[in-house]
Structure formats: structure tokens, C-alpha cells
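Sequential numbering of the sequence shown, starting at 1, is according to our numbering. Comments concern the structure below.
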Amino acid sequence: MSMMTWENSSLQGTEAIIEKLTSLPFQRVAHKVTTIDAQQSLPGVNAIIILVTGQLLVDEETKPQQFSQTFQLVEDNGFFVYNDIFRLNYA
């Protein structure tokens, strides 16, 4: 079952994740990826853990926000997101 953490809010299952993402209070997000790091994970299972950092602009904002996101892809008749952790990085 897929799991996601969004700013201290833990969600489990496809329906809960979709509900959270579609309820966010903005219409447009532009991402600028700064770094991507990936490693194989879970010995004996075809899985990858990925860390992404960067900036995002929401709606009409002009000052980008820093973010980091870590997610794990696991293969099961194709890859799916098993874990996803998203965090805005406030300075």
C-alpha cells in the first residue's frame, strides 16, 4: 500500500493520497529541480529510493520556495510509488 507524508501529515492508500493532492489550495505549481540522487534499495526487490531538491513557484508568487522530496519506487508489474515524503524547506 502506498504511503505519503506531506508536511507532517501522513497518508496511506491511493484514495487518501489523491484526496490530499487534489485538495491543496493552489492551481499551478512550477518546479525547478536542483539535485536528484538515487540508490537501489530493498535487497532482493527491484526498488529505488530517490531524493529530489529544488524550488517551486505556486500560482502567482514571485519568490520561489525550497523543497525536498524523497520517494521510493517499487516494481510490481511496473514501478509504483511506495513511499513519498515531501517537505518545504523554510529558512
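Glycine included, every Cβ here is placed at the ideal spot set by N, Cα and C.
- Taken in chain order, the complete beta strand (DSSP E) segments of 3 or more residues contained in the segment 33-61 are 47-58.
- Closest option to Leu56, judged by alpha-carbon separation, among Gln69, Gly44, Ile50: Gln69.
- Contact between the segment 7-19 and the segment 29-36 is absent: fewer than 3 CB-CB pairs across the two stretches fall below 8 Å.
- Distance between Asn77 and Glu60, taken at the CA atoms: about 39 Å.
- Contact fails between the segment 36-56 and the segment 18-26, because fewer than three Cβ pairs, one in each stretch, are under 8 Å apart.
- Excluding the 5 residues flanking it on each side, Ala38 has same chain C-beta neighbours closer than 8 Å at Ile48, Ile49, Ile50, Leu51, in chain order.
- Per DSSP, the beta bridge partners of Phe67 are Gly54, Leu88.
- It is roughly 21 Å from the alpha-carbon of Thr5 to the alpha-carbon of Pro64.
- For Ser23, the uninterrupted alpha helix (DSSP H) segment begins and ends at 14-23.
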